[in-house]
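Have a look at the structure below before the remarks.
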Amino acid sequence: MPTIVIVGAGPGLGLSIGKVFGRNGFTVALIARDQAKLDALAAQLREHDIDAAGFAADIMDRPSLVDAFDRIKQRYGAIDVLEYSPAPHNPVPGITMTGPLEASVDNLQPQIDFYLHGAVTATQQVLTAMLDRGAGTLLYTTGASSVHPNPMMGNVGPAAAALRNWVLSLHQALAGTGVYAAHVPLNVWIGTGGPDTEPATIAELYWTLHAKRGDAEHLYTTPA
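Every letter in the sequence shown is one number past the one before it in our numbering, and letter 31, counting from 1, is 31.
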């Protein structure tokens, strides 16, 4: 049975992505900081007859992230899809959001660690095996500030843009290998509007990307 790993899993988009892939025959491995919350999410997925489990790790603690992937492989074997969507809904120690005038090396570096270095670390745990098999999907989620600068996110946007740049380059480098990489910038406040803002609706895009592949970037926005 194929396996998806969702890094940055939460009760909104991450859970919905797990449901979409689970009903298409995937086992679901969830990574976030809080094991109790992960266990609750996994229990919800199991209510839908989806084999799911949580593996606690801190994206900012790269050895713990590597360890989580090792535990996932021990339990489920090969990883077929990686979805990386770090979106802190609660304060993360050492991470602050500032405008561009207040941006500094000190408050930019944690954002870069969170977005770019976390993604690279997660990818390193799966990419070699995917290339050996000639198959795999790598999906990375950011907010729209990675594409369209937003003064409210003066240190978040540059870090997310760095992740975007790396993913677009990765997509090109993987051409012809059977491994697909794509970036999904979300130009929407999840769950705050009509049906198009609901996590269950957005999650369908991720299955479409995995199934159909294609372009390197898919900006998700609600209809005007």
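We treat Cβ as the ideally placed atom computed from N, Cα and C, and that holds for glycine. Bear in mind that the values here come from a model prediction, so they are computed numbers and not experimental data.
What three-state label does DSSP hand residue i in the structure shown?
| i | result |
| --- | --- |
| ALA224 | Confidence in ALA224 is poor, its pLDDT being 49 and thus under 50, which makes the residue's placement unreliable; the coordinate value appears in the next sentence. ALA224: coil per DSSP, three-state reduction. |
| ILE95 | coil |
| GLU204 | helix |
| THR177 | coil |
| LEU138 | strand |
| LEU219 | coil |
| VAL7 | strand |
| VAL167 | helix |
Answer with buried or exposed for residue i, where buried requires no fewer than 16 other C-beta atoms within 10 angstroms of its C-beta.
| i | result |
| --- | --- |
| ALA224 | Residue placement at ALA224 is flagged as unreliable, the pLDDT there being 49, under the threshold of 50; a coordinate-derived value is accordingly withheld. |
| PRO158 | buried |
| GLN35 | exposed |
| VAL105 | exposed |
| LEU101 | exposed |
| HIS48 | exposed |
| MET1 | exposed |
| ASP132 | exposed |
| THR3 | buried |
| ASP80 | buried |
| THR137 | buried |
| GLY193 | exposed |
| ALA162 | buried |
Thinking residue i and residue j are a contact (beta carbons under 8 angstroms), I'd like their distance in whole angstroms, please.
| i | j | result |
| --- | --- | --- |
| LEU170 | ALA144 | So it is not a contact: roughly 20 angstroms between Cβ atoms. |
| GLY178 | ALA135 | 5 angstroms |
| VAL188 | TYR220 | 6 angstroms |
| ALA160 | THR142 | 4 angstroms |
| GLY118 | LEU65 | 7 angstroms |
| GLY14 | ILE50 | Going by Cβ atoms, the distance from GLY14 to ILE50 rounds to 13 angstroms, so no, they are not a contact pair. |
| GLY99 | PRO149 | So it is not a contact: roughly 11 angstroms between Cβ atoms. |
| LEU168 | ALA216 | 5 angstroms |
Taking the CB atoms as reference points, tell me whether residue i and residue j lie closer together than 8 angstroms.
| i | j | result |
| --- | --- | --- |
| GLY54 | ASP39 | yes |
| VAL7 | PRO86 | yes |
| VAL120 | LEU82 | no |
| GLY10 | ALA43 | no |
| ASN155 | GLN111 | yes |
| TYR76 | ALA29 | yes |
| PHE114 | MET60 | yes |
| ALA57 | ASP67 | yes |
- Query: Which runs of the alpha helix (DSSP H) spanning at least 4 residues fall entirely within the segment 21–82, listed in chain order?
  - Reply: Runs found: 35–46, 62–76.
- Pick out the complete alpha helix (DSSP H) segments inside the segment 104–154, 4 residues or longer, and give them in chain order. Qualifying alpha helix (DSSP H) stretches, in chain order: 105–112, 118–124, 127–133.
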